[in-house]
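The structure appears below as structure tokens.
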Amino acid sequence: MAEIKDPENTIIMETTKGKVVIQLLPDLAPGHVARIKELTREGAYDGVVFHRVIEDFMAQTGDVQYGKTGGKDFNPARAGMGGSEKPDLKAEFSNMSHVRGTCSMARSQMPNSANSQFFICFTDAPWLNKQYSVWGQVVEGMENIDKIKRGEPVRDPDTIVSMKVAADVAA
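In the working numbering, the protein residues as written are 2 to 172.
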């Protein structure tokens, strides 16, 4: 595994396709990084499906309400329509480009509507720049994101098996 320089700002996401390490960007999007870490530490992302995966674009996940397998409200037909019980976040748009491996918050047409859902870019997506809040970058395991089943919606979707803040993982 790659050396983790800042364990408090690194996410280790175990997916059904393998491990993915994400470097958080708290200087860029402090509110979004705080939310991702909060939900991660609550175990909210564990078992959540990748509900919208578009070839040559991105893999979307993070619906902790309708997309969490085994959750009380799990509903594959509604995955992608929910969020957490926490309030929506104020947009934190930046000059950071959406490139391969960028982690960014999903939202509705309303800029301040991001909550728990996020996506990881397969390729550069410059049309998203300055319109979505970038909060992280995959630093290891992008080949595992590449293996995630495609679809809108995805049939028999891949999931986040577990998601942890590196600082919380025993060495």
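Ideal Cβ positions, reconstructed from N, Cα and C, are used throughout, including at glycine.
- With a contact defined as Cβ atoms closer than 8 Å, residue 61 and residue 102 miss out at about 15 Å.
- In the same chain as residue 9, and ignoring 5 residues on each side of it, the C-beta atoms closer than 6 Å to its own belong to 168, in chain order.
- Bounds of the alpha helix (DSSP H) holding residue 35 are 31-42.
- Residue 144 has its alpha-carbon roughly 9 Å from the corresponding atom of residue 21.
- With distances taken between CA atoms, residue 29 lies nearest to 135 out of 124, 135, 154.
- Inclusion of residue 155 and residue 52 in the CB contact set at 9 Å is warranted, their separation being smaller than that value.
- Spatial neighbours of residue 129 in its own chain (CB-CB distance under 6 Å, excluding positions within 5 residues in sequence) are listed in chain order as 99.
- Going by DSSP, residue 144 is part of the alpha helix (DSSP H) stretching over 143-147.
- According to the DSSP assignment, residue 53 belongs to the beta strand (DSSP E) that extends over 53-55.
- In this structure residue 92 touches residue 112 by the C-beta definition: roughly 4 Å separates them, less than 8 Å.
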